[in-house]
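>
Numbering (full-length UniProt numbering), first residue to last: 1 to 237.
(1) Taking residue 86 and residue 101 to be in contact with their CB atoms under 8 Å, please state how far apart those CB atoms are, rounded to whole angstroms.
(2) Closer than 8 Å by C-beta to residue 148: which residues in its own chain qualify, once you throw out the five before and the five after it? Chain order, please.
(3) Among 54, 97, 91 and 175, which residue has its Cα nearest to the Cα of residue 45?
(4) Give the single residue among 98, 154, 41 and 107 whose Cα lies nearest to the Cα of residue 65.
(5) Residues in the same chain with beta-carbon distance under 7 Å from residue 254, minus the five sequence neighbours each way, listed in chain order, please.
(6) Going along the chain, which residues of its own chain have a beta-carbon closer than 8 Å to the beta-carbon of residue 69, five neighbours each way excluded?
(7) Considering just the uninterrupted stretch of the alpha helix (DSSP H) at residue 105, what are its terminal residues?
(8) Please report how far the alpha carbon of residue 134 lies from the alpha carbon of residue 176, in whole angstroms.
(9) Please work out which residues of its chain come closer than 8 Å, Cβ to Cβ, to residue 251, disregarding the five sequence neighbours upstream and downstream, and give them in chain order.
(10) To the nearest angstrom, how far is it from the Cα of residue 96 to the Cα of residue 152?
(11) Are the Cβ atoms of residue 71 and residue 61 separated by less than 8 Å?
(12) Comparing alpha-carbon positions, which option in 157, 140, 162 and 111 lies nearest residue 150?
(13) Compute the distance between the beta-carbons of residue 57 and residue 168, then report whether it is under 8 Å.
(14) Whole angstroms are fine: how far does the CA of residue 111 sit from the CA of residue 117?
(15) Could you pull out every unbroken beta strand (DSSP E) segment of at least 3 residues lying fully inside the UniProt domain "K Homology" (53–147), listed in chain order?
(16) With 8 Å as the threshold, decide whether the Cβ of residue 130 is near any Cβ in chain B.
(17) For residue 122, which residues in the same chain have their Cβ closer than 6 Å to its Cβ, ignoring the five residues on either side in sequence?
(18) Please list the terminal residues of the continuous alpha helix (DSSP H) segment that includes residue 171.
(19) Just mark residue 243 as buried or exposed, buried being the case when its beta carbon has 16 or more other beta carbons within 10 Å.
(20) For a test of the three-state rule: what should DSSP assign to residue 151, helix, strand or coil?
(21) Near residue 119, which residues of its chain fall below 7 Å by C-beta distance, leaving aside the five closest residues on each side in sequence?
(22) Could you tell me the distance, in whole angstroms, from the CA atom of residue 73 to the CA atom of residue 160?
(23) Near residue 49, what residues of its chain come up, given a Cβ to Cβ distance below 6 Å and the 5 sequence neighbours on each side ignored?
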């Protein structure tokens, strides 16, 4: 019989190990002065004063100057890790919008002109939004704009340290990263073909337990898995 609780504990340990390894790699790269990466210090925000406001800004991507450069991948990172990390650091929401912002080009064409998809008629850009009191929102926005602008400057081939870090993070998530300086446990099998967990994990007759396991594994990696029987700590990437 498929033991959901046992699998949940095992996979949570795997995800925690991946998170620890990603953070270790980042720290090592930041500490390596030759890498060119500079560790960022957290924002020191004042106490909230006044009403909450909504602030947004668009930064257009220089696709005309660099038509062959993968800006979307650089901004988002593997499985969205780079954008998520920036959001955690700045307190802002960071979204890629405009032409060629969607991976599925056919779907992009289908959505163009529809309500709530007006941005697809604009040039490719990064939309940064934040809600906070005026002073705090402005500080967060300045930090986010500063960091995103760095991503919009292509690095020379072989000198893109952010890309090196992203490739390492992707290898860790895929279970293919190897570091001879540490010992790692064998990773649990991850199915790359499934993208979300089934809403119910019952033992219905004829249900494929392997498929359930694969769905759970990928849902945990994607951050969409919820198990009320166990407690997990949130880890910011």
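The C-beta atom is built at its ideal place from N, Cα and C for all residues, glycine as well.
These numbers were taken from a predicted model, which means no experiment stands behind them.
Working from what's here:
(1) Contact flag wrong, Cβ pair sits at about 16 Å.
(2) 59, 75, 86, 94, 126 and 128
(3) 91
(4) 154
(5) This structure cannot speak to residue 254, because the chain is shown only from 1 to 237.
(6) 63 and 154
(7) 105–111
(8) 45 Å
(9) No statement about residue 251 is possible, as the shown extent of the chain runs from 1 to 237 and does not include it.
(10) 12 Å
(11) yes
(12) 162
(13) no
(14) 6 Å
(15) 93–97 and 125–133
(16) Included in the structure is just one protein chain, with no chain B present.
(17) 98
(18) 161–174
(19) Because the chain is modelled from 1 through 237, residue 243 falls outside the range shown and cannot be assessed.
(20) helix
(21) 97 and 98
(22) 13 Å
(23) 133
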